[in-house]
Every structure is written in structure tokens, then in C-alpha cells.
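Here the structure comes first, spelled out in C-alpha cells, and everything after it is commentary.
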Amino acid sequence: DEEATMLLYDRMKLQNEHRVTMGTIEKAMDSNDTIAEAEARARLYEIEENLNTNEFASVRSGTAWGRSGVIRQLMIKEDYSLARMIQRVKVDSGGRPIPSELREKFESLS
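If you read the sequence shown in the numbering used here, its first letter stands for residue 2, the second for the next number, and so on.
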């Protein structure tokens, strides 16, 4: 249980870093700062790799739902919020506006 708690804490910390870094990328795109954007994207890649490692460790630490189920529930809740999906599309598209049809689809899914 202690291991699962530590992994959950690490995952929450990484998710917060991911959110902040996505915001940094958005700001860099808005100000046409390609250097800051490239640095932030490199950091984002590093964070995503750490999230993958955390997930692997969570699965390896035990298969009981009680240990890993809560972590997975938090991941799903975090990864598919409307704001998060819109932010990801904006960053991935280089800051282009999100078409209204796509936004409506996201709203219906979240």
C-alpha cells in the first residue's frame, strides 16, 4: 500500500508538471517564441516518459484493484477532461483555432 501511495503521489506531481508545461507551450506559441516552445516540448516529452514509467511501475507493483484501481481512475479523470483535450489539440496543432465541430464533439464526450 505504501508503494501504491508513493506512485500515486509521483503521478499527481507529474500530471501537474504536464499541465504547467502545456501552458508554457501555449504561451510560447502565442508569443512566437520558438526556442521556449522547443524547450518546453522537450520537457513535455520527458514528463510523458516519466508518466509511462510510473504506469508501468504501478502495474508491476500489484494487480489487485485496491492498489492500482484508484490510480487508474485518477488518470482517466485527468486525461479526458474537456479543458485538457482542448489544450492538447491547441498545442498539437501549433496554436491554430479549434474548429467548432471538433469542440462540440469534445463537449459531448466529456
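All C-beta atoms in this analysis are idealised placements derived from N, C-alpha and C, irrespective of residue type, glycine included.
Assuming contact is defined by CB atoms lying nearer than 8 Å, are L8 and S59 in contact in what I supplied? Taking the C-beta atoms as reference points, S59 is found nearer than 8 Å to L8.
Whole angstroms is fine: what's the gap from F107's alpha carbon to T25's? The straight-line gap from Cα to Cα measures roughly 23 Å.
Would you mind sorting E38 into buried or exposed? The rule is 16 or more other CB atoms within 10 Å of its CB. Under this definition E38 is a buried residue.
Roughly how many angstroms separate the alpha carbons of R89 and M23, rounded to a whole number? Those two C-alpha atoms are separated by around 8 Å.
Should A121 and A41 be called a contact, given that it needs their Cβ atoms to be closer than 8 Å? Coverage of the chain is limited to positions 2 through 111, which leaves residue 121 absent and any answer about it impossible.
Going by alpha carbons, who is nearest to N53 out of D11, D34, K91 and S32? Ranking the options by Cα distance to N53, first place goes to D11.
Measure the alpha-carbon distance for E18 versus I48 and round it to whole angstroms. Looking at the two C-alpha atoms, the distance is approximately 7 Å.
Simplified DSSP state of S59, which is helix, strand or coil: In the structure shown, S59 sits in a helix (DSSP, three-state: H, G or I).
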